[in-house]
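Here's the structure, in structure tokens; my notes come after.
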Amino acid sequence: IQYEEDRKKRAQEAESLMNGQNGSNNGGSVSSFLDKAIPAKVLHSEGKNRESAKFTRNIIYYSAAASVILLVVLKLTGLLDYPSNKMGSDGLLSITSIPNHAIVFVNGDSIGQTPIDKYQVASAKANLLIMKDNYFTVDTTLSMDSRESIRLDVQLQPVARLSFEIIPNDAGLFINDQEIPKEKWSELLLPVGEHQIELQHEGYVAYYSVLKAEQGVNNPIKINLTEEGVFKAENTSVFKINSIPSGASVYLNDKYVGKTPYQSSNLEERFYALRLSKDGYQDMTDRFNVAAGESGKINKRLIPLTGSLEVKTDPPGAEIYLSGKRINGLTPYTLNQIKSGQNTITLKKDGYADYSVDIDVMAGKTQNIDAVLKQLFGNLSVLAVPWGNIFIDDQLVLKEAQFKKEMELGAGNHQLRIEHPTLGIYDKSIRIEPGKITEIMVDFNKKHSLRIVAKDPQGSDIYADVFVDGKQIGEKTPINISLTTGTYTISVSRSGYVLADGPKKVTIDGSMSNPLSFTLKKNAE
Numbered sequence: 115i116q117y118e119e120d121r122k123k124r125a126q127e128a129e130s131l132m133n134g135q136n137g138s139n140n141g142g143s144v145s146s147f148l149d150k151a152i153p154a155k156v157l158h159s160e161g162k163n164r165e166s167a168k169f170t171r172n173i174i175y176y177s178a179a180a181s182v183i184l185l186v187v188l189k190l191t192g193l194l195d196y197p198s199n200k201m202g203s204d205g206l207l208s209i210t211s212i213p214n215h216a217i218v219f220v221n222g223d224s225i226g227q228t229p230i231d232k233y234q235v236a237s238a239k240a241n242l243l244i245m246k247d248n249y250f251t252v253d254t255t256l257s258m259d260s261r262e263s264i265r266l267d268v269q270l271q272p273v274a275r276l277s278f279e280i281i282p283n284d285a286g287l288f289i290n291d292q293e294i295p296k297e298k299w300s301e302l303l304l305p306v307g308e309h310q311i312e313l314q315h316e317g318y319v320a321y322y323s324v325l326k327a328e329q330g331v332n333n334p335i336k337i338n339l340t341e342e343g344v345f346k347a348e349n350t351s352v353f354k355i356n357s358i359p360s361g362a363s364v365y366l367n368d369k370y371v372g373k374t375p376y377q378s379s380n381l382e383e384r385f386y387a388l389r390l391s392k393d394g395y396q397d398m399t400d401r402f403n404v405a406a407g408e409s410g411k412i413n414k415r416l417i418p419l420t421g422s423l424e425v426k427t428d429p430p431g432a433e434i435y436l437s438g439k440r441i442n443g444l445t446p447y448t449l450n451q452i453k454s455g456q457n458t459i460t461l462k463k464d465g466y467a468d469y470s471v472d473i474d475v476m477a478g479k480t481q482n483i484d485a486v487l488k489q490l491f492g493n494l495s496v497l498a499v500p501w502g503n504i505f506i507d508d509q510l511v512l513k514e515a516q517f518k519k520e521m522e523l524g525a526g527n528h529q530l531r532i533e534h535p536t537l538g539i540y541d542k543s544i545r546i547e548p549g550k551i552t553e554i555m556v557d558f559n560k561k562h563s564l565r566i567v568a569k570d571p572q573g574s575d576i577y578a579d580v581f582v583d584g585k586q587i588g589e590k591t592p593i594n595i596s597l598t599t600g601t602y603t604i605s606v607s608r609s610g611y612v613l614a615d616g617p618k619k620v621t622i623d624g625s626m627s628n629p630l631s632f633t634l635k636k637n638a639e
């Protein structure tokens, strides 16, 4: 009887510790639980066995009570809570580029090469740089809302690298009516294509030509200007007035006399006030003297009247074209020093209809363009064999699909993933063309041959162990292996070497025609 009273007392003390109060007994106590958990014969043992049982019960009671209290504390402090979303409240950024393998920097940190899939951006703004050799760098800023997903599809613009060697070396170099500072002559970046080139220097014949710039490094451009001849006239003064661009109205002492290029051989001997005027350009003024038997020439470059444009689109990330020429930037973007007058702005984004607007740019002012892009649509027809859960851009669209499914999607790139619990995962980027049907069948039972090779930096074959999804398959490169349809992570390894370009995530569906190649470098390299 005494033993039973002690047992009940200890159980009540344990419950008090657990509930934060004395005398609590709600039927779910530690003692009632242990009554069921410990056989009755242990409780009624005789002699030393009974004393041993009492000791055992004491240990179990207090250990159980302490464990429950610990669990309560951990729960209250949140240490037992699992995160509901491993991405937190940050935005997600996905980037593809044409061509691929461009290096991407977000807020100054390199995050890898395109394609980038669901990169977590922890800040409200993302300063984005997309760089690739022989292409213009894309430099833009994106606003990232909490839990927002932004996908950018970027068409990189090829760049031509030019250098100039000009005699005399203090000549004025102008390309497409823009003066090029001398410090840029050694390496000038231009869009690929044709450009108007002009050279001006006092005492030399002006040089005009069309330059064809090709992608990458071009051969140096060497130009020697020709000195002007001396006008010979005994009593006649020959005077020339040129402007860049030509077609400016010429006024002498406020009297209209013609358009540039202008030449006269019957000007009176006197001082003249010159004014050149052309729409979209600042008026240029000068004074000159005409003396008997002397000749002269005036060359003027007109300064364009300019304004600015702030261009925004919904969604952001559209390419900008000004009167047919690509601007190196993505929306939202501010275009400065735009020649005043009529201009055409065209906005392009993959999966959306082109947007064009004519705008009269006003000198000295900033104007806004806010465009809502119209999304284009196509259809996807997908069949999983024997069945699978179908995801589009990480959203489950059909569970345990056994039959062909056709759906409408926005035109552009999408991520298709099909999951089967035992046969694997198929994960691949697909492209939906506007107004067209893209058909895809994924047969998880179908086998495909894949050739895997490993080479050193000089291109020689290397024998290396092959790993599929982290497991060594017991074969060495070069080798043909058989895999069923699906997405795998494949790598190679050899002692004394380091893998320079892997592991690689590949989707096997019969579309790979070239071997899967890896480069191994010796550790010392």
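Residue numbers for the sequence shown follow the numbering used here, so the first one is 115 and each next one is one higher.
The C-beta atom is built at its ideal place from N, Cα and C for all residues, glycine as well.
If you're wondering where the values come from, they're calculated on a predicted model, not measured in any experiment.
query	result
Per DSSP, cross-strand counterpart(s) of R415	I358
Residues bridged to S379 (per DSSP)	Paired residues: none, contrary to the question.
Exposed unless 16 or more other CB atoms sit within 10 angstroms - verdict on T603	exposed
The segment 448-466 in contact with the segment 480-487 per 3-pair CB rule at 8 Å	yes
Coil, strand or helix - K550 by DSSP	coil
Given 8 Å, three or more beta-carbon pairs between the segment 604-612 and the segment 562-573	yes
Straight-line Cα distance separating A236 from S360	54 Å
Three CB pairs or more closer than 8 Å across the segment 243-254 and the segment 307-318	no
Reference R265, options K392, D284, V425, G524, closest by Cα	G524
Rounded straight-line distance, which links the Cα of A327 to that of I311	11 Å
Nearest-angstrom Cβ-Cβ length linking T598 and K561, presumed shorter than 8 Å	5 Å
F288 vs I280 beta-carbon contact at 8 Å	no
The ligand MG heavy atom lying under 7 Å from the CB of T621	Ligands displayed in this structure: none; no statement on the ligand MG is therefore possible.
Inter-stretch contact at 8 Å, needing at least 3 Cβ pairs: the segment 410-418 / the segment 380-400	yes
Test item: CB-CB of I546 and H528 under 8 Å	yes
First and last residue of the uninterrupted beta strand (DSSP E) at Q629	The sequence shown places Pro at residue 629, not Gln. Note, P629: premise wrong, no beta strand (DSSP E); not H, not E.
Inter-residue Cα distance where the pair is L449 and N283	32 Å
Contacting residues, own chain, Cβ-Cβ under 6 Å from N503 (five flanking each side not counted)	K513, E533
Among G624, P617, V612, nearest to A638 - alpha-carbon criterion	V612
Closer than 8 Å to chain B by CB, E520	Chain labels in this structure do not include chain B; a single protein chain is all it has.
DSSP state of E341 mapped onto helix, strand, coil	strand
8 Å contact criterion, which L270 and Y233 should meet: CB distance rounded	Going by Cβ atoms, the distance from L270 to Y233 rounds to 19 Å, so no, they are not a contact pair.
Nearest-angstrom Cβ-Cβ length linking T420 and Q451, presumed shorter than 8 Å	4 Å
For E533, three-class secondary structure by DSSP	strand
Burial state of A240, where buried means 16 or more other Cβ atoms lie within 10 Å	buried
The beta strand (DSSP E) enclosing V511, as first and last residue numbers	509-515
Residue span of the beta strand (DSSP E) that contains L58, given as start and end	As shown, the chain starts at 115 and ends at 639. That puts residue 58 outside it, with no answer to give.
C-alpha gap between D623 and D231, whole angstroms	21 Å
Secondary structure of K296, DSSP reduced to three states	helix
Whole-angstrom distance between K453 and W501, CA atom to CA atom	60 Å
Spatial distance of H315 from I337 (CA atoms)	13 Å
Residue burial classification, D267 (beta-carbon count within 10 angstroms, cutoff 16)	buried
Cutoff 7 Å; reference K479; Cβ partners in own chain excluding five residues on either side	G421
Classification of E119 by the beta-carbon crowding that lies within 10 angstroms, buried from 16 upward	exposed
Beta-carbon separation (whole angstroms), Q329 vs V273, contact threshold 8 Å	7 Å
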